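Residues in the sequence shown are numbered consecutively from 2, following the numbering used here. Don't be surprised by glycine CBs; every beta carbon is placed ideally from N, CA and C. Here the structure is a predicted model, which is why all the values come from computation and not from measurement.
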Amino acid sequence: MLARMGKFLLIFMLGLPLVANVALANQSSPDLEKILKEVETLRTEVSQTRQTAMEARGIALKTRAETAEFKEETLARLGIWRGKLGEGMMLAIEAKDLASRAAEEVKIYTSLVDTLKADVSLAKEMAVSAKIESDQARKEIEELSAQNKKDRELLIQRVNEILVRAKEVEEKLKPEVVKLKPPKNIYEVRRGDSLWRISKYRNIYNDPYQWEKIFKANQDKIENPNLIYPGQELIIPPKKSHLVLKGENLWTIANYESVYNTPYEWRRIYQANRDKLTDPNRVYPGQKLIIPQD
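Laid out in structure tokens, this is it:
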């Protein structure tokens with residue numbers, strides 16, 4: 002705009018003398034001075050205006066440079082501000098993001114806490130229910146235990162009664178055990194003995210025909226009645242009666258293998274025959290004495 006104004010003033014100043022000359026040619030002299038003054042005045046004004054325009058142009062150029070510098074500084078500052086604003090916005094976005102995440106996590110944690118509270122509440126209810134059931138079960142167990150104790154005591158009593166009865170029945174059914182005394186009516190076979198000869202001895206049966214009694218009592222030892230060996234010990238079945246022989250007394254009779262095989266039991270013979278014997282020291286041949294056996 003200032004350049005256009007300068008060009009206009011230059012054209013105006015160049016064209017002004019021409020106009021003045023034309024005007025002087027057409028005007029009278031009195032008016033000429035007035036016009037020249039006016040022209041001079043206009044020249045001065047134009048010159049001043051031109052100077053002003055030049056100064057204005059310089060100012061404008063300086064202003065442009067300053068404006069450009071200001072603009073660059075402003076843009077730089079704006080860049081910094083924008084950067085800071087961007088960073089602030091990013092931080093704000095991140096903060097918003099974090100806040101959003103925190104809000105989500107808080108929401109999740111709140112949900113978990115609510116669930117946990119519900120679980121704890123349910124657990125408390127279950128614990129109360131379990132305690133009630135436990136108390137009830139304990140009570141029932143105690144009652145059952147007391148009843149079982151009574152039943153057990155009653156059962157033990159019944160079992161004991163059954164055992165007593167069983168023992169009584171067992172005692173009744175048990176066969177009588179015969180306590181066998183070791184045989185004392187023993188005869189040791191000597192050289193030249195036979196069952197016939199042994200049976201004939203007066204301390205045995207005084208009768209050879211009773212040899213079979215000896216054989217039957219010793220079949221576990223004698224396979225053949227005709228074969229016996231010195232040193233064999235034969236059981237002599239005791240006799241229940243004895244016919245007194247000449248020279249005998251209760252002492253000698255009690256000592257026979259066929260009686261007691263010991264003289265010290267003579268009193269048994271005497272006691273069993275008190276109806277016949279008035280004196281234990283006196284027996285007579287031919288007397289038949291009872292020989293008591295256990």
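task = To the nearest angstrom, report how far apart SER195 and ARG275 are at their CA atoms.
result = The residue labelled residue 195 in the question sits at position 194 within the sequence shown. The residue labelled residue 275 in the question sits at position 274 within the sequence shown. It is roughly 37 Å from the alpha-carbon of SER195 to the alpha-carbon of ARG275.
inquiry  = Taking the alpha-carbon of THR253 as reference, which of TYR230, VAL170 and ARG203 has the nearest alpha-carbon?
reply    = Locating residue 253 in the sequence shown gives position 252, counting from the first residue. Relative to THR253, the option among TYR230, VAL170 and ARG203 whose CA is nearest is ARG203.
query = Quick one, which of PRO281, TRP197, ASP208 and ILE142 has its alpha-carbon nearest LEU1's?
reply = Since the first residue shown for the chain is 2 and the last is 295, residue 1 is missing from the structure and cannot be characterised.
query = For LYS108, which residues does DSSP report across the bridge?
reply = The residue labelled residue 108 in the question sits at position 107 within the sequence shown. Looking at the DSSP assignment, LYS108 forms no beta bridge with any residue, so it has no partner.
ask   = Would you report the Cα separation of PRO286 and PRO231, rounded to the nearest angstrom?
value = If you number the sequence shown from 1, residue 286 lands on position 285. If you number the sequence shown from 1, residue 231 lands on position 230. Their backbone Cα atoms lie some 33 Å apart in a straight line.
query = Contact check, ILE187 vs ASN262 under 8 Å by CB: the rounded distance?
reply = Position 186 of the sequence shown holds residue 187. Position 261 of the sequence shown holds residue 262. Contact holds; Cβ gap of about 7 Å.
task = State the CB to CB distance for the pair LEU290 and SER259, rounded to an integer number of angstroms; the pair is presumed to be in contact (CB under 8 Å).
result = Numbered from 1 along the sequence shown, position 289 holds the residue referred to as residue 290. Numbered from 1 along the sequence shown, position 258 holds the residue referred to as residue 259. Cβ atoms of LEU290 and SER259 stay farther apart than 8 Å, at about 13 Å.
ask   = In the DSSP assignment, what are the bridge partners of ILE187?
value = Against the sequence shown, residue 187 aligns to sequence position 186. Per DSSP, the beta bridge partners of ILE187 are ILE236.
inquiry  = Spatial neighbours of LEU174 within its chain, please: C-beta separation below 8 Å, excluding the five flanking residues on both sides.
reply    = Position 173 of the sequence shown, counted from the first residue, corresponds to residue 174. Cβ within range, chain order: n/a, list empty.
request  = Find out if the Cβ-Cβ distance for the pair ILE237, VAL190 is shorter than 8 Å.
outcome  = Position 236 of the sequence shown, counting from 1, holds the residue named residue 237. Position 189 of the sequence shown, counting from 1, holds the residue named residue 190. The answer is no: Cβ separation not under 8 Å.
request  = Give the C-beta separation of LYS222 and GLN233 to the nearest angstrom, bearing in mind that I take them to be a contact with Cβ-Cβ under 8 Å.
outcome  = Walking along the sequence shown from the start, residue 222 turns up at place 221. Walking along the sequence shown from the start, residue 233 turns up at place 232. Right, the Cβ-Cβ distance comes to about 6 Å (below 8 Å), so this counts as a contact.
message = Could you tell me the alpha carbon to alpha carbon distance between GLN148 and ILE163, rounded to whole angstroms?
response = Translated into positions along the sequence shown, residue 148 becomes position 147. Translated into positions along the sequence shown, residue 163 becomes position 162. Between GLN148 and ILE163, the C-alpha separation is close to 22 Å.
key: Cα-Cα separation between PRO226 and LYS217, rounded to whole angstroms   = Numbered from its first residue, the sequence shown carries residue 226 at position 225. Numbered from its first residue, the sequence shown carries residue 217 at position 216. Answer to the nearest angstrom: the Cα atoms are 9 Å apart.
query = Quick one: is TYR206 buried, meaning 16 or more other Cβ sit within 10 Å of its Cβ, or exposed?
reply = What you label residue 206 is simply residue 205 of the sequence shown in a count that begins at 1. Here TYR206 is buried: its Cβ has 16 or more other Cβ atoms, across all protein chains shown, within 10 Å.
ask   = Around the Cβ of ASN282, are there at least 16 other Cβ atoms within 10 angstroms (buried) or fewer (exposed)?
value = Position 281 of the sequence shown holds residue 282. Flag for ASN282 reads exposed.
task = Just tell me which of VAL284, THR279, LEU251 and LYS277 has its CA closest to the CA of ARG268.
result = As a position in the sequence shown, residue 268 is number 267, starting the count at 1. Relative to the Cα of ARG268, the nearest Cα in the group VAL284, THR279, LEU251 and LYS277 belongs to LEU251.
task = For the alpha helix (DSSP H) holding SER200, just list the boundary residues, first then last.
result = As a position in the sequence shown, residue 200 is number 199, starting the count at 1. Unbroken alpha helix (DSSP H) run through SER200: 196-201.
query = Are the C-beta of SER195 and some C-beta of chain B separated by less than 8 Å?
reply = As a matter of chain content, chain B is missing from the structure shown, which is built from one protein chain.
request  = Compute the Euclidean distance between the alpha carbons of GLN220 and TYR210, then round it to the nearest angstrom.
outcome  = Translated into the one-based positions of the sequence shown, residue 220 becomes position 219. Translated into the one-based positions of the sequence shown, residue 210 becomes position 209. Their backbone Cα atoms lie some 18 Å apart in a straight line.
request  = Buried or exposed for VAL129, please, with buried defined as at least 16 other CB atoms from any protein chain shown within 10 angstroms of its CB.
outcome  = By one-based count along the sequence shown, residue 129 stands at place 128. Note on VAL129: under 16 other CB atoms within 10 angstroms of its CB, so exposed under the neighbour-count rule.
task = Find the nearest neighbour of PRO293 within the set LYS150, GLN272 and ASP136, judged by alpha-carbon distance.
result = By 1-based counting over the sequence shown, the position of residue 293 is 292. Taking the Cα of PRO293 as reference, the smallest distance to any Cα among LYS150, GLN272 and ASP136 is reached at GLN272.
ask   = How many angstroms separate the CA atom of GLU169 from the CA atom of GLU154?
value = Position 168 of the sequence shown, counting from 1, holds the residue named residue 169. Position 153 of the sequence shown, counting from 1, holds the residue named residue 154. Answer to the nearest angstrom: the Cα atoms are 23 Å apart.
ask   = When DSSP labels each residue in this structure, what does SER146 get in the three-state scheme?
value = Taking the sequence shown and counting its residues from 1, one reaches residue 146 at position 145. Here DSSP, grouped into helix, strand and coil, assigns SER146 to helix.
query = Between TYR265 and the rest of its own chain, which residues show a CB-CB distance below 8 Å, the 5 nearest in sequence each way excluded?
reply = For this step, residue 265 is matched to residue 264 along the sequence shown. Excluding sequence neighbours, TYR265 sits near ALA255.
key: Burial state of GLU249 (16 or more Cβ within 10 Å)   = Your numbering for residue 249 matches position 248 in the sequence shown. When all chains shown are included, GLU249 counts as buried.
key: Rounded C-alpha distance that separates GLU126 from ARG139   = As a position in the sequence shown, residue 126 is number 125, starting the count at 1. As a position in the sequence shown, residue 139 is number 138, starting the count at 1. Going from the Cα of GLU126 to the Cα of ARG139 covers about 19 Å.
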